[in-house]
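Accompanying notes for the structure given below.
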Amino acid sequence: MLPGLAYFLLFHYGALVGNVIAFKEYVPFDGLWGSPWVGLGNFQRMFEDGEFWAAVLNTVWIAVLQLVFYFPVPLGLALLLHSLTRSSVRRFVQSVAYLPHFISWVIVVALFQQLLGDTGLLNSSLDGMGLHSVDIIGNPDAFKPLVVAQVIWKDAGWGTIIFLAALAQVDEQQYEAAAIDGAGPWRRFWHVTLPAIRPVVVLLLIMRLGDILSVGFEQMLLQRDAVGPEASEIIDTFVYYQGIVGGDYGFAAAAGLFKGVIGALLVYAANKVAHRLGEQGVYK
Amino acid sequence: MSAHARPGWMEKPKPLTQAAKALALVAVVLLVCVPFLVIVSTSLASTDEVVAGGGWVLWPTEPTLDAYRDILDGGIVTHALGVSAGVTIVGTLLSLACTVTLAYALSRPGVFGARPALLLILFTFLFPPGMIPGFLLVKELGLLDNYASLVLPVLVNVFNLVVLRGFFQGIPEELYEAARLDGAGDWRVLVSIVLPLSKAALAVVGLFYAVAYWNSWFYASLYLESDHWPLQQVLRTYVVAGSGLTDATTGEGTVTAPQTVQMAVLVIATVPILLVYPFLQKYFTKGVLTGAIKS
Chain E
58 MLPGLAYFLL FHYGALVGNV IAFKEYVPFD GLWGSPWVGL GNFQRMFEDG EFWAAVLNTV
118 WIAVLQLVFY FPVPLGLALL LHSLTRSSVR RFVQSVAYLP HFISWVIVVA LFQQLLGDTG
178 LLNSSLDGMG LHSVDIIGNP DAFKPLVVAQ VIWKDAGWGT IIFLAALAQV DEQQYEAAAI
238 DGAGPWRRFW HVTLPAIRPV VVLLLIMRLG DILSVGFEQM LLQRDAVGPE ASEIIDTFVY
298 YQGIVGGDYG FAAAAGLFKG VIGALLVYAA NKVAHRLGEQ GVYK
Chain Z
160 MSAHARPGWM EKPKPLTQAA KALALVAVVL LVCVPFLVIV STSLASTDEV VAGGGWVLWP
220 TEPTLDAYRD ILDGGIVTHA LGVSAGVTIV GTLLSLACTV TLAYALSRPG VFGARPALLL
280 ILFTFLFPPG MIPGFLLVKE LGLLDNYASL VLPVLVNVFN LVVLRGFFQG IPEELYEAAR
340 LDGAGDWRVL VSIVLPLSKA ALAVVGLFYA VAYWNSWFYA SLYLESDHWP LQQVLRTYVV
400 AGSGLTDATT GEGTVTAPQT VQMAVLVIAT VPILLVYPFL QKYFTKGVLT GAIKS
């Protein structure tokens, strides 16, 4: 038990204490503790920084796009899989669909470059058919749809797992009873299936809203060079470039702390809302 | 339940519905498989064929392993492969050991301080410490350019911990009591009762750790010098960012690696995942995880 607990104390609580750097100006020679205090100076600079707000806006905008375009996909896919009566087909498609979740972001981004880039599969095919090529990779205007498409490819299959679990819990007799009462497939879906998965859907929606300041850090970092910061800078990459790359640790830590505090408050609020709606929250 | 289990009350679906469903399923399978097929094919093709094909090949006419020979001939990629394998194996074992002991302690009633410890741990899930403090901590600990920096900061994953704890709690209390009556101590109970009963959960958690270590690149980019990089970070630099592949691999100056070589690296980085995937997958359908996710 001790090594595991020591890990949490050192790398989580130890690092948590390190957030004091957000209230200091980091001087490499003086280190974390010797650097001079600047009070809320870093936060003030941050609130006046246009690039910071652009990153916040990008983050929220990408999260909203994912909520609208990604979120329904695993649900639809789960309903499709659940409706299959042949379990061998279902298991096969499930296995294939879960796979991309375990592929690293480096490989996913490389795959998308290979398929959709200037000389990729899509554009070579379009060329071959005498059609105009489409500019997707490295095009800031196409970046946000691209990012959502990548998330769908990588995680939509894996996302079905929780919906399928909820669907599997429905008592078969409920369907049978409804069918005997004359309910067709649509009415059965509406009155049996939907109520069964509603708690899970509400819970996941609320969790996502609480987590709205986090969108794939690795995914954005990998593609930021190719499309530029205007389209791809999110809060996490802002922290990375200001702090790790720029060496402005205090300022970057302030931005990170801002995200951490607001994020925790949002999760807390989302959980309250869930309980208010009579649903189970993430925690009690 | 037989493979063909349409209950008597369910009406036969219309042909149109069936066709639409089949189409959707085929689309899903193709969307996942075609990208992998393209990179494998391209990695096996000759450079000439790749150029003729405009940068990609769907089916190589004369498959060759030249690209693989190039990168496995010593040099950056070979070294990176060793680093990745080493970090994955050592990291997974350490993580499993720490997670199992902690989860066991937190799962038993009456362990002193278990409740506050659990809250302390769950709080880190709600409020992660942040990238900059984490980086400065590793720096202050003197772990820069040390492989430990890839393992120690991510030693125990809260999700995996909760999964294992849930699983341990599901073991019937009578078994614990019986072992106690036989005079077994905590360690003996863990080793001879709990672990053998938890094989499935241990396999899932272990494979989750292994996949995470294998796929990780960001910490390597933060903490390690480039000659110590694991495979994913090498892949990122040479394929995603398109930097030149130097010295040891080609023996020449900085040149962008041929497409076939890039694809071969991509394949090598993916293959271990494909190899462990069937084992991992076996447990998903068994529902080991779904129970845990819900709790």
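Note that the protein sequences, when read in sequence, are chains E and Z.
Counting from 58, one number per residue, gives the positions in the first sequence under this note's numbering.
Counting from 160, one number per residue, gives the positions in the second sequence under this note's numbering.
Think of the CB as a built atom: it goes at the ideal place given N, C-alpha and C, for glycine as much as any other residue.
This structure is a prediction, so every number in the text was calculated from the model and none was measured.
Under 9 Å from the C-beta of residue i: neighbouring residues of chain Z
i, result
"E/TRP210", "LEU190, VAL191 and PRO194"
"E/ALA359", "As shown, chain E starts at 58 and ends at 341. That puts residue 359 of chain E outside it, with no answer to give."
Opening and closing residue of the alpha helix (DSSP H) in which residue i lies
i, result
"Z/LYS180", "174 to 203"
"E/SER271", "Looking at the DSSP string, E/SER271 is not in any alpha helix (DSSP H), and its letter there is neither H nor E."
"E/ILE326", "In the sequence on display, residue 326 of chain E carries Ala and not Ile. Where E/ALA326 is concerned, the enclosing alpha helix (DSSP H) stretches over 306 to 333."
"E/GLN226", "No alpha helix (DSSP H) holds E/GLN226; DSSP gives it neither H nor E."
"Z/LYS298", "290 to 299"
"E/ASP184", "178 to 185"
"E/TYR64", "59 to 64"
"Z/ARG274", "273 to 285"
"E/PHE80", "No alpha helix (DSSP H) contains E/PHE80, which DSSP labels as neither H nor E."
"Z/GLU336", "332 to 340"
"Z/THR223", "Unbroken run through Z/THR223: none, as it is neither H nor E."
"E/VAL302", "Taken as a continuous stretch (DSSP letters only), E/VAL302 belongs to no alpha helix (DSSP H), as it is neither H nor E."
"Z/ASP207", "206 to 211"
"E/ASN115", "107 to 122"
Distance between residue j and residue i (C-alpha atoms, nearest Å)
i, j, result
"Z/MET169", "Z/ALA181", "19 Å"
"Z/VAL249", "E/PHE104", "43 Å"
"Z/TYR306", "Z/GLU384", "10 Å"
"Z/PHE271", "Z/LEU394", "47 Å"
"E/GLY313", "E/VAL165", "26 Å"
"Z/GLY289", "Z/GLU208", "48 Å"
"Z/SER205", "E/TYR298", "40 Å"
"E/VAL324", "E/ALA120", "15 Å"
"E/ILE301", "Z/ASP304", "15 Å"
"Z/THR413", "Z/ASP229", "With a pLDDT of only 44 at Z/THR413, under the threshold of 50, the placement of this residue in the model should not be trusted; the figure read from the coordinates follows. Straight-line Cα distance between these residues: approximately 16 Å."
"Z/LEU279", "Z/LEU255", "20 Å"
"E/GLU229", "Z/GLY212", "53 Å"
"E/ILE78", "Z/LEU285", "21 Å"
"E/GLU21", "E/MET186", "Past the edges of chain E, shown from 58 to 341, lies residue 21 of chain E, and the structure says nothing about it."
"E/ALA223", "E/ARG245", "16 Å"
"E/TYR232", "Z/THR396", "54 Å"
"E/VAL163", "Z/VAL236", "15 Å"
"Z/LEU439", "E/VAL284", "36 Å"
Residue i in three-state terms, based on DSSP
i, result
"Z/TRP388", "coil"
"Z/ARG347", "helix"
"Z/LYS171", "coil"
"Z/TRP376", "coil"
"Z/TRP218", "coil"
"Z/LEU439", "helix"
"E/ARG143", "strand"
"Z/ASN305", "coil"
"Z/ILE452", "In this prediction, Z/ILE452 has a pLDDT of 47, which is less than 50 and means its spatial position is unreliable; what the coordinates show is noted afterwards. In the structure shown, Z/ILE452 sits in a helix (DSSP, three-state: H, G or I)."
Chain-ordered chain Z contacts of residue i [CB-CB under 7 Å]
i, result
"E/HIS69", "THR283 and PRO288"
"E/GLU275", "PHE377"
"E/GLN101", "Near E/GLN101 there are no residues of chain Z at all, since even the closest Cβ is about 18 Å away, more than 7 Å."
"E/ILE292", "Those within 7 Å of E/ILE292 in chain Z number zero; the least Cβ separation is about 10 Å."
Interface residues of chain E facing residue i [CB-CB closer than 8 Å]
i, result
"Z/GLY293", "PHE68, ALA72 and GLY75"
"Z/LYS180", "LEU137, SER140 and LEU141"
Chain E contact residues for residue i, given Cβ-Cβ distances below 9 Å
i, result
"Z/ALA400", "LEU279, ASP282 and ALA283"
"Z/ASN374", "PHE159, ILE160, SER161, TRP162, VAL163 and ILE164"
Chain-ordered chain E contacts of residue i [CB-CB under 7 Å]
i, result
"Z/ALA183", "LEU137"
"Z/ALA276", "LEU62"
"Z/VAL370", "PHE159"
"Z/ILE432", "PHE159 and ILE160"
"Z/TYR436", "LEU156 and PHE159"
| query | Can at least three beta-carbon pairs, one atom from the region 94 to 113 of chain E and one from the region 163 to 182 of chain E, be found at a separation below 8 Å? | reply | They do not touch, by the three-pair rule.
| said: Within 8 Å, do at least three Cβ pairs link the region 292 to 304 of chain E to the region 187 to 204 of chain E? | reply: No, they do not touch.
| Do the region 271 to 286 of chain E and the region 85 to 92 of chain E touch if we need at least three Cβ pairs shorter than 8 Å? | No, the region 271 to 286 of chain E does not touch the region 85 to 92 of chain E.
| task | Examine the Cβ distances between the region 65 to 73 of chain E and the region 303 to 321 of chain Z and report whether three or more of them are shorter than 8 Å. | result | With the cut-off at 8 Å, the region 65 to 73 of chain E and the region 303 to 321 of chain Z touch.
| field | Touch test, the region 213 to 226 of chain E against the region 123 to 137 of chain E, Cβ-Cβ under 8 Å, three pairs minimum | value | The region 213 to 226 of chain E makes contact with the region 123 to 137 of chain E; the number of CB pairs closer than 8 Å reaches 3 or more.
| Is the region 325 to 338 of chain Z in contact with the region 258 to 270 of chain Z, if contact means three or more CB pairs nearer than 8 Å? | Counting Cβ pairs under 8 Å, three or more are found: they touch.
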